[in-house]
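Asker: Quick one: the structure is below, questions incoming.
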Amino acid sequence: MKTAKKSRAPKAFEQALARSRSGKCLLRLYVAGATDRSRQALQRVRRFCDAELHGKYELEVIDIYQQPILARDGQILATPTLVREFPSPIRRLIGNLSQTSGLFAGLDLDLKGDAMS
73 MKTAKKSRAP KAFEQALARS RSGKCLLRLY VAGATDRSRQ ALQRVRRFCD
123 AELHGKYELE VIDIYQQPIL ARDGQILATP TLVREFPSPI RRLIGNLSQT
173 SGLFAGLDLD LKGDAMS
């Protein structure tokens with residue numbers, strides 16, 4: 073007997089709608105375990121977001137060892153990877169994230185206005 077799978081589409085749609093109203097950016101940081109490299113990437117992203125996005129963001133940290141399905145679904149090939157999921161289009165940055173100016177350009181953020189481009 074087949075079981076019906078719950079659709080995540082309505083929940084995802086509601087979350088996207090709430091973000092668009094609040095002007096929040098959704099970022100996902102994919103890391104590989106609790107390594108120094110992962111901790112440094114997380115610190116850099118948090119510093120950048122706190123300094124430049126002023127609370128207008130949500131940051132999800134995904135450990136690909138603990139949640140490999142999310143890494144597969146996100147098509148993550150290397151870590152650390154920072155993904156701007158919302159607003160569209162999706163943007164990806166791969167590497168140590170040490171260049172803050174690279175975060176501005178790579179994520180295609182409009183920091184002059186209220187929210188993102």
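Numbering (the working numbering), first residue to last: 73 to 189.
No residue lacks a Cβ here, since even glycine has one placed at the ideal position from N, Cα and C.
Tell me which residue opens and which closes the beta strand (DSSP E) that Leu-165 is part of.
Answerer: 163-166
Asker: What is the DSSP secondary structure of Ile-134, reduced to helix, strand or coil?
Answerer: strand
Asker: For Glu-130 and Ala-106, I'd like the C-alpha separation in whole angstroms.
Answerer: When rounded, the distance between both Cα atoms is 21 Å.
Asker: Under 9 Å, do Gly-146 and Tyr-102 count as touching if we go by C-beta distance?
Answerer: yes
Asker: When burial is assigned at 16 or more other CB atoms within 10 Å of the CB, is Leu-149 buried or exposed?
Answerer: exposed
Asker: Could you check the C-alpha separation between Lys-128 and Pro-159 for me, to the nearest Å?
Answerer: Roughly 12 Å separates the two Cα atoms.
Asker: The alpha helix (DSSP H) that contains Leu-142, what's its start and end?
Answerer: 140-145
Asker: Which term fits Ile-134, buried or exposed, when burial requires 16 or more other beta carbons within 10 angstroms of its beta carbon?
Answerer: buried
Asker: Among the residues of its own chain, which have a CB less than 7 Å from the CB of Lys-192, if the five just before and after it don't count?
Answerer: No answer is possible for residue 192: the residues shown for the chain start at 73 and end at 189.
Asker: Could you spell out where the alpha helix (DSSP H) holding Leu-114 opens and where it closes?
Answerer: 108-124
Asker: List the whole-angstrom C-beta distance separating Tyr-137 from Ala-104, where the pair is believed to meet the contact cut-off of C-beta under 8 Å.
Answerer: That pair is a contact at about 6 Å.
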